[in-house]
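Scroll down for the structure; my scribbles are underneath it.
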Amino acid sequence: MRIDEALRLGVEILPRREGIPHPRREARWLLAAAWGVEETTLRLYPEREVPADVEKRFRDWLGRRAAGEPAHHLTGTCPFWGRDFEVNPSVLVPRPETELLVETALALPLSRTAKVLDVGTGSGSIAVTLAAERPGWEVSAVDRSPAALAVARRNCVRHRVSVPLFVGDLCSAVGPPWDLVVANLPYVRSTDIVRLPVEVSHDPAKALDGGIDGLDLLRRLLGDLRRLVRPCGGAIIEVGDDQAGAVTEIACATGLAVARSVQDVGGVERVIVLQPR
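With this note's numbering, the residue at position 125 of the sequence shown is 125, and numbering never jumps.
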């Protein structure tokens, strides 16, 4: 099978839906990943023969992708802030919008030796990125899932950073004080989970379900932030599409002030920066 034939096969097998808006682009990405080559190679040499082992892997991935399995579960990695992170069904696949949280954190005027805590770290993408970008920061991370922490630990090794990892429910396993707390906690309403794209059903439910209003875990974390952060410290949290107002009210009721909110590319208030009042 030639490259152009393989791509035509991909278009035939992959359905066009919310999770796969461009089947040919998806097929090209999968073939490049299965072969270990750049997509540019596929564009330049469409007549090149695809090795038999690559074709077999590609066909397998096409079937699984068409059935709804996330592309990054097939390859086992996901890009985040210019680095590849190991992912599997034990962790949430890092979303592009979460890079806004990292960008916001890196822009803060923290000391070179700031103590930073990532709550609900999952794959460790946020914690590892912050530790790699700011080597002087003392970055730690916590998650309630031992399986997720195993992935985070391997990502620490992959990117050669030292991030102490703790297993516990929110911040129960760690004590104050912290200069900065960052968190991308589950914020999907329980009733909305069944309406998410089929790919999302492969993410762990506990990494998505935020309770009736999507704010169960955020509410608990905000209630604990004044204990956790230094008087001059702060927190950065990611929120859902229509949750910024509710989160602001919860923050104010727990003695926190909203320093700023940051919109994503779609104009949604996606990241909120908090500090003690």
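Built from N, CA and C at the ideal position, the CB exists for glycine as well. This structure is a prediction, so every number in the text was calculated from the model and none was measured.
Assuming I3 is part of the alpha helix (DSSP H), what are its boundary residues?
Its alpha helix (DSSP H) spans residues 3 to 13.
Return the Cβ separation of P180 and A235 in integer angstroms, given the expectation that the two are a contact with Cβ distance under 8 angstroms.
A quick correction: the sequence has Leu, not Pro, at residue 180. Right, their Cβ atoms sit about 7 angstroms apart.
Terminal residues of the beta strand (DSSP E) in which V262 lies:
Element bounds for V262: 256 to 263.
By the DSSP assignment, the beta strand (DSSP E) with T129 in it spans what residues?
Judged by DSSP secondary structure, T129 falls outside any beta strand (DSSP E) and instead within the alpha helix (DSSP H) spanning 125 to 133.
For a test of the three-state rule: what should DSSP assign to A107, helix, strand or coil?
Three-state result, A107: coil.
Can you have a look at C232 and say buried or exposed, based on whether 16 or more other CB atoms are within 10 angstroms of its CB?
Classification of C232: exposed, given that the 10 Å Cβ count is below 16.
Does the separation of the CB atoms of T75 and A33 fall below 8 angstroms?
Contact: yes.
Measure the beta-carbon distance from L256 to L225 and round it to whole angstroms, keeping in mind my assumption that it falls under 8 angstroms.
About 6 angstroms separates the two Cβ atoms, so the contact holds.
Spatial distance of P164 from S90 (CA atoms)
If you draw a straight line from the Cα of P164 to the Cα of S90, it comes to about 19 angstroms.
Terminal residues of the alpha helix (DSSP H) in which A141 lies
Where A141 is concerned, there is no enclosing alpha helix (DSSP H), although the beta strand (DSSP E) it sits in stretches over 138 to 143.
Classify L196 as helix, strand or coil using the three-state DSSP reduction.
Note: L196 maps to coil in three-state DSSP.
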